[in-house]
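Report on the structure given below.
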Amino acid sequence: MTKFFEDIVIGDTTDLGNHTFTAEEIIRFAEKYDPQPFHLSEEGAAQTHFGRLCASGWHTAAVFMKLLVATNKRLVQEAVDEGRTVARIGPSPGFDKLKWLKPVFAGDTLSYQRVITGKTESRSRPEWGILHSDMMARNQHGDLVFSFKANVFVERRKD
Numbered sequence: 419m420t421k422f423f424e425d426i427v428i429g430d431t432t433d434l435g436n437h438t439f440t441a442e443e444i445i446r447f448a449e450k451y452d453p454q455p456f457h458l459s460e461e462g463a464a465q466t467h468f469g470r471l472c473a474s475g476w477h478t479a480a481v482f483m484k485l486l487v488a489t490n491k492r493l494v495q496e497a498v499d500e501g502r503t504v505a506r507i508g509p510s511p512g513f514d515k516l517k518w519l520k521p522v523f524a525g526d527t528l529s530y531q532r533v534i535t536g537k538t539e540s541r542s543r544p545e546w547g548i549l550h551s552d553m554m555a556r557n558q559h560g561d562l563v564f565s566f567k568a569n570v571f572v573e574r575r576k577d
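For what it's worth, the numbering used here labels the leading residue of the sequence shown as 419, then goes sequentially.
This is how it looks when you write it as structure tokens:
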């Protein structure tokens with residue numbers, strides 16, 4: 419995100435990138451953060467309702483965050499290289515409606531995306547606006563597998 423609050427258009431869409439979930443990384447993440455049988459081995463997963471190894475929802479969320487940060491860094495660098503002034507991004511006051519809609523199996527490739535859905539002028543911090551977005555990931559079949567509604571403070575123009 420490089421634009422000031424006033425310059426952001428509802429409906430703007432940013433592709434954040436793709437990620438393929440390998441069995442090895444699914445297991446490695448699960449061993450550290452989400453040690454449930456369907457994340458730890460094919461054998462364990464076969465005994466569950468998933469039937470095969472799948473990624474933790476928190477893993478899909480962590481990959482989202484990694485891709486979002488990388489995309490923002492790239493966009494900021496491009497703006498700086500072009501001599502444009504970059505707006506500051508503030509904290510997030512939270513998110514809503516986090517959903518893991520379908521399992522992400524070993525070998526699946528997710529495409530992550532941000533869609534701007536709304537803007538609110540901050541009453542308590544007039545130098546900031548709150549940007550509302552739908553964050554999502556689709557698998558290689560086009561199925562929506564992960565989504566949430568995000569909010570973040572974005573700097574307003576000073577002029």
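Even glycine gets a Cβ: it sits at the ideal position worked out from N, Cα and C.
Inter-residue spacing [alpha-carbon to alpha-carbon] between residue i and residue j
i: His-477; j: Trp-518; result: 11 Å
i: Ala-441; j: Val-481; result: 15 Å
i: Gly-508; j: Lys-484; result: 17 Å
i: Arg-506; j: Leu-486; result: 15 Å
i: Phe-468; j: Pro-521; result: 8 Å
i: His-550; j: Asn-490; result: 16 Å
Residues bridged to residue i (per DSSP)
i: Ile-534; result: Ser-551
i: Ile-507; result: Val-572
Proximal residues to residue i (C-beta, below 6 Å), its chain only, five neighbours per side dropped
i: Asp-526; result: Phe-439, Asn-557
i: Asp-452; result: Ser-474, Trp-476
i: Val-504; result: Thr-420, Val-494, Ala-497
Residues near residue i in its chain [Cβ-Cβ closer than 8 Å; skip 5 each side]
i: Ile-444; result: His-457, Leu-471, Cys-472, Ala-473, Ser-474, His-477, Ala-524
i: Arg-502; result: Thr-420
Counted within 10 angstroms of its Cβ, other Cβ atoms place residue i as buried (16 or more) or exposed
i: Gly-560; result: exposed
i: Ala-568; result: buried
i: Lys-421; result: buried
Contact set for residue i: own chain, Cβ-Cβ below 7 Å, skip 5 residues either direction
i: Ala-555; result: Thr-478, Phe-482, Leu-528, Ser-529, Tyr-530, Val-563, Phe-564
On the three-pair Cβ rule with 8 Å, is the region 423–433 touching the region 515–534?
Judged by Cβ distances under 8 Å, the region 423–433 makes contact with the region 515–534, as three or more pairs qualify.
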